[in-house]
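In my numbering, the protein residues as written are 16 to 513. In what follows, a single structure is set out as structure tokens and then discussed.
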């Protein structure tokens, strides 16, 4: 549709337009309904149901990313284990726990047991080098306020007691160690998203499923959101005061369509994945933990191997993986042309420079793509030596788009393994790029959206934000008493104590 045709189209008016019916849009919508209940909101989702892409429980690991067990957050640098990233991620997850607890108390999230359950988080080391690393990591975290009750064992008896599936069939000469805490969680972000959106509809939010945002155009101090109904082909226009692009991998192309200068230079590198999912209930019943190990050399953080207990729709499950793959799609149900269409004059230098610099990642992905199911089972047997092919099925996991961020200087671009907020200078539009820790820290990410895009409201919103997130503005790592108070409060409210 041409700009002249668009301008001639009668447009609906809305205060807030949220693109994507996943956990990010659902979280921001919940914040804004509390802070400005009179503001109108609309959600556009290209699929016919909410949380079908990255927020779907089968498309992610469901980890409460508090860095309790994920070893990529505690790298060893020149013989020393660095914990600053783990502490930062943990701080953000505490924000999530508080925000979710507030929403439970307000009746927005009626039943936390539908989406959050206690599951021990375990770090696994195999071989002398990894065992030594794990011990050093434990020593750095054991006395930290945000990592209470961390434990460590390198004796075979404890290993067999805690992780029988991983111990059975393992040679006695295999040196292993574990570090763990019982304070971990498993989270079904799909069910959490659905509870948020059900409350949003009750509050008056319009949700249009099966609607693709075709374009974003500036219209004075507002945005024209041009939307196409995938089933009828009808095109409609909504004028919004504020637009949030929470569309997962499609956030990059949509922000490019908005033509805001802040997106110049950004690119995206899509990475897909697969899981081995256990089909044997007897095996599933023998394992109750999220066990994370060390990533292969060159592997992206989303490919850190883990033997992973899941609780989805009340049923316990068991996954292993993910195994990295590659397609040019930006969404699991995206287009084969997503990547080439994202190439622009403004980002081609960033993209090409990262392509040259990240040869190790390219080599790793090619190696992964060449693996058949038997090779994937061999990787599983490093964790579960007696794994049998008939007990596991191969399923496709979610699609992630790693951020290629523009940098000043001869390097042109940098591959980022995390989340990046891109917003226009006037705060009228923002979008979230990237992946892990993603959903786990959605409330902290949305607080950053509020600070950047609604700065003139933050003083008047301050008391309400502190009511939702009591630790807002406080580093819990430096305030042990407050951390303990917030921990006890969220444990009880989220029903994690029983």
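Beta carbons: idealized from backbone N, C-alpha and C, even for Gly.
By the criterion of at least three beta-carbon pairs nearer than 8 Å, the region 85 to 97 is not in contact with the region 460 to 477. Here residue 357 is buried. Its C-beta has 16 or more other C-beta atoms within 10 Å. Collapsing the DSSP output to three states places residue 293 in a strand.
Look at residue 504 here: in three-state DSSP terms it is helix. Counting the other Cβ atoms within 10 Å of the Cβ of residue 496 gives fewer than 16, which makes it exposed. Counting along the chain, the unbroken alpha helix (DSSP H) around residue 465 starts and ends at 457 to 468.
In this structure residue 136 touches residue 83 by the C-beta definition: roughly 4 Å separates them, less than 8 Å. Below 8 Å, too few C-beta pairs join the region 323 to 339 and the region 159 to 173 to call them touching: fewer than three.
In this structure, 27 is the residue among 27, 268, 470, 498 with its C-alpha nearest to the C-alpha of residue 221. Take residue 447, set aside five residues on each side of it, and the residues of its chain with a beta-carbon closer than 7 Å to its own are 39, 261, 266, 434, 436, 460, in chain order.
The beta carbons of residue 245 and residue 225 sit about 5 Å from each other, so the pair counts as a contact at 8 Å.
For a cut-off of 8 Å, the C-beta gap from residue 501 to residue 113 is around 6 Å, short enough to register as a contact.
Non-local C-beta neighbours of residue 275 in its own chain, meaning closer than 7 Å and more than five positions away in sequence, comprise 439, 444, ordered along the chain.
Residues of the same chain with a CB within less than 6 Å of the CB of residue 483, apart from the 5 flanking positions on each side, are 114, 117 in chain order. The continuous beta strand (DSSP E) containing residue 131 extends over residues 131 to 133. The criterion of a C-beta distance shorter than 8 Å is not satisfied by residue 283 and residue 428.
For residue 242, the enclosing beta strand (DSSP E) has its first and last residue at 237 to 244. By the Cβ criterion, the region 92 to 108 is not in contact with the region 127 to 143, since fewer than three pairs of Cβ atoms, one from each stretch, lie closer than 8 Å. With respect to the 8 Å criterion, residue 211 and residue 42 are classified as neighbours on the basis of their beta carbons. Per DSSP, residue 255 is one residue of the beta strand (DSSP E) stretching across 250 to 260. The beta carbon of residue 158 sits closer than 7 Å to no other beta carbon from its chain once the five residues preceding and following it are set aside.
Put simply, the backbone Cα of residue 251 is about 14 Å away from that of residue 34. In the DSSP annotation of this structure, the continuous segment of the beta strand (DSSP E) that includes residue 33 starts and ends at 27 to 34. In the DSSP assignment, residue 42 falls within the alpha helix (DSSP H) that extends over 38 to 50.
By alpha-carbon distance to residue 152, the top candidate from 189, 99, 183, 50 is 99. A distance below 8 Å separates the beta carbons of residue 68 and residue 347. DSSP places residue 201 in the strand class (E or B) of the three-state scheme. A check of alpha carbon separations from residue 418 across 403, 449, 406 identifies 449 as the nearest.
The three-state secondary structure of residue 361, taken from DSSP, is coil. Counting the other Cβ atoms within 10 Å of the Cβ of residue 209 gives 16 or more, which makes it buried. In the DSSP assignment, residue 56 falls within the beta strand (DSSP E) that extends over 56 to 60.
Inter-segment contact for the region 463 to 474 and the region 69 to 79 is absent: fewer than three beta-carbon pairs are separated by less than 8 Å. Collapsing the DSSP output to three states places residue 373 in coil. Pairing residue 174 with residue 192, the inter-Cα distance amounts to about 7 Å. For residue 227, the uninterrupted beta strand (DSSP E) segment begins and ends at 226 to 234.
DSSP, read as helix, strand or coil, puts residue 443 in coil.
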